[in-house]
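Participant: Before I ask anything, here is the structure I am working with.
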Amino acid sequence: MAAGDTYLHRVVAVLNAFRADDDCLGAAELARRSGLPRSTAHRIVLELVEAGLLERQGTRVRLGLKLFEIGQRVPRQRVLRDAAVPYMSDLREATRQTVHLAVLEGGEVVYVEILGSPGGPKLPSKVGGRLPAHVTGVGKAILAFSPPEVVKAVLETELVRTSERSVTAPGLLARELETIHREGVAYDREESGPGIVCAASPVLGPDGLALGALSVSGWSNRMRLATVAPAVHTAALTLSRTLGQPQGRAAGTS
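And the structure:
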């Protein structure tokens, strides 16, 4: 067994094999995605089913309800989501566009809540789904207000391209983050996917660091970023204050 290759790591590998758009997976696919021998993956699946973390669907399995229940107990996401939903609803009503709430995990953003808009674009984001932080408005908004070591780790990894307009040069991304820190608003100009744009702003904690970010997304030919950006910024500032951000601190000040 390789260093660090513990039973727990194998269990996590099986659970991480599920993607946001998956319903059920078979044993062979789970083994392939997790990189485990089929017999090992099968044994782990049986134990996870018994524990309620996976559920059987014929000869295949899917993530179990118990995982959802456990996820709802995570304090940061739960508190942030519960506080954010009223502001997200107002933001959707004001802009008639899709509103996102996301947090950063490593070099990716995880979507905690999404309030969709009728007639909006089919977005690559889903609740519980992930996207590379550097190609999303919410990701860049969070990174611009994250500790230097967090930003450094992202800049030193391979910046993948998800569309023709994705920024993959570390120097360009670093300069963009500096601008976002000054202005308090980040943009996705078709960087996460063709035809999709968004404006995002960080939700800050009392220490001035990002807890997450709000964004408004829509079609590039229907939504004017300059129009929705002030609304997103105001909502994020108000939410920050609700969560304990000191009054009078602008998102773009250091």
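Numbering-wise, the sequence shown is residues 1 to 254 according to the UniProt record's numbering. Backbone N, C-alpha and C define an ideal beta-carbon position, used for all residues, glycine too. Bear in mind that the values here come from a model prediction, so they are computed numbers and not experimental data.
Answer yes if the stretch 218 to 226 comes into contact with the stretch 107 to 115, meaning at least three C-beta pairs across the two stretches below 8 Å, and no otherwise.
Facilitator: no
Participant: Residues in its own chain within less than 7 Å of Q97 by CB, not counting five upstream and five downstream?
Facilitator: S117, G120, V216, S217, G218, M223, V228
Participant: Is it a yes or a no for the stretch 179 to 194 touching the stretch 44 to 61, going by three-plus beta-carbon pairs under 8 Å?
Facilitator: no
Participant: If distances are taken between C-alpha atoms only, which option among D22, R32, V79, N16 comes closest to L48?
Facilitator: N16
Participant: Using three-state DSSP, classify residue 342 as helix, strand or coil.
Facilitator: The structure shown does not extend to residue 342, since the chain spans only 1 to 254, so no value can be given for it.
Participant: Give the DSSP-derived three-state secondary structure of E183 in the structure shown.
Facilitator: Here E183 sits in helix by DSSP.
Participant: Just to confirm the assignment, what range does the alpha helix (DSSP H) spanning T227 have?
Facilitator: Note, T227: alpha helix (DSSP H), 225 to 242.
Participant: Could you tell me if the beta carbon of L63 falls within a distance shorter than 6 Å of some heavy atom in the ligand MN?
Facilitator: Absent from the structure shown: the ligand MN. Ligands present: none.
Participant: Where does A98 sit, in a helix, a strand or coil, going by DSSP?
Facilitator: Note that residue 98 is Thr in the sequence shown, not Ala. Of the three classes helix, strand and coil, the one that applies to T98 here is strand, per DSSP.
Participant: Of the choices R81, E156, I44, whose alpha-carbon is the least far from that of T6?
Facilitator: Selected option, being the one with the closest Cα: I44.
Participant: State the Cα-Cα distance for the pair P230 and A41, rounded to the nearest angstrom.
Facilitator: 49 Å
Participant: Flag this pair as yes or no: are the beta carbons of A210 and S146 separated by less than 7 Å?
Facilitator: yes
Participant: Name the DSSP beta bridge partners of D188, please?
Facilitator: C198
Participant: Let me make sure I understand the geometry here. Which of V14, V203, D22 has the alpha-carbon closest to that of G128?
Facilitator: If we check each option's Cα against that of G128, D22 comes out closest.
Participant: Assuming A200 and L177 are in contact, meaning their beta carbons sit under 8 Å apart, how far apart are those beta carbons, in whole angstroms?
Facilitator: In fact, because the Cβ distance is near 13 Å, the residues do not count as touching under 8 Å.
Participant: The beta strand (DSSP E) spanning V109 covers which residue range?
Facilitator: 108 to 115
Participant: Out of A94, A226, H233, G193, state which residue places its alpha-carbon closest to the alpha-carbon of G212.
Facilitator: H233
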